[in-house]
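**Student:** Let me give you the structure first, and then I'll get to my questions.
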Amino acid sequence: MLRLSKEERKEDWRKHPRKKMPTKVKDPVSRLEPKEEAPVMVQLVEELLTVELILGDPGKVTKIGSKMKEGVRDQVVNCLGKNKDVFVWTPQDLEGINLGVITHHLNLDSIARPVKQKKQHFGPEKDKIIQEEVNKLLTAGHIKKIQFLEWLSNVVLVPKLGGKWRMCIDF
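The sequence shown: position 129 = 129 (full-length UniProt numbering), numbered continuously.
Here is the structure:
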């Protein structure tokens with residue numbers, strides 16, 4: 001272990017003085033004001049073409065890239081049209097999936113202590129979006145209300161390209 005003499009320590013102190021930390025915030029009100037949200041930086045790589053999978057039903061559409069060659073595009077549209085029955089248009093369409101095909105399990109350690117995140121406030125506009133998504137999932141039977149949560153995780157709203165929001169939950 002290297003030890004410095006008292007004189008060496010004083011000299012070192014003079015060469016490298018500590019910076020004083022500010023004791024007061026210059027403008028405490030500005031820290032409380034809401035900040036502007038960062039602009040969404042997602043951009044389309046190419047224009048998308050809307051393909052109506054069920055003719056006469058404008059709600060049952062999908063989008064494909066516009067830069068595909070004509071023959072490939074026709075094959076893709078034809079394949080999508082032949083398999084239109086596998087598309088899910090509403091959350092209710094997911095009912096009846098065989099649990100042998102897909103099941104979601106949460107891998108929890110039996111000794112792990114439950115974690116409850118502090119409730120995050122989003123504002124009235126985002127709260128409305130979250131409530132609509134939760135109502136869709138409740139109506140479809142994918143989630144159910146429970147009391148006395150042991151585990152609690154806040155939702156995250158992610159902007160989609162069309163200006164809509166995707167609700168994500170971290171389990």
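Beta carbons are placed, not taken as given, at the ideal position from N, Cα and C, and that holds for glycine. Keep in mind that this is a model prediction, so the values were computed, not measured.
Return helix, strand or coil for Arg73, following the three-state DSSP convention.
**Tutor:** Residue numbering aside, residue 73 sits at position 73 when the sequence shown is read from its first letter. It is helical.
**Student:** Check the C-beta distance from Leu49 over to Lys60 and give it rounded, since I have them as a contact under 8 Å.
**Tutor:** Sequence index remark: in the sequence shown, residue 49 carries index 49 (1-based). Sequence index remark: in the sequence shown, residue 60 carries index 60 (1-based). Not confirmed; about 15 Å, so no contact.
**Student:** Within a Cβ cutoff of 6 Å, which residues of the same chain sit near Lys116, ignoring the five residues on either side of it in sequence?
**Tutor:** Here residue 116 refers to the residue found at position 116 of the sequence shown. Here the set comprises Leu152.
**Student:** When you compare only the Cα positions, how much space is there between Ala141 and Leu149?
**Tutor:** Locating residue 141 in the sequence shown gives position 141, where the first residue counts as 1. Locating residue 149 in the sequence shown gives position 149, where the first residue counts as 1. As written in the sequence, residue 141 is Gly, which differs from the Ala given in the question. Each residue's Cα considered, the two are about 19 Å apart.
**Student:** Using alpha carbons as the reference points, say which of Lys15, Val77, Asp127, Leu106 lies closest to Val155.
**Tutor:** Residue 155 sits at position 155 when you count from the first residue of the sequence shown. Taking Val155 as reference, the option from Lys15, Val77, Asp127, Leu106 with the minimal CA-CA separation is Asp127.
**Student:** So which of Phe122, Thr139, Leu137 has the shortest CA-CA distance to Val158?
**Tutor:** Residue numbering aside, residue 158 sits at position 158 when the sequence shown is read from its first letter. Distances from the CA of Val158 to each of Phe122, Thr139, Leu137 were compared; the closest alpha carbon is that of Phe122.
**Student:** Determine, using beta carbons only, whether Asn154 comes closer than 8 Å to chain B.
**Tutor:** In the displayed structure, chain B is absent; only one protein chain is listed.
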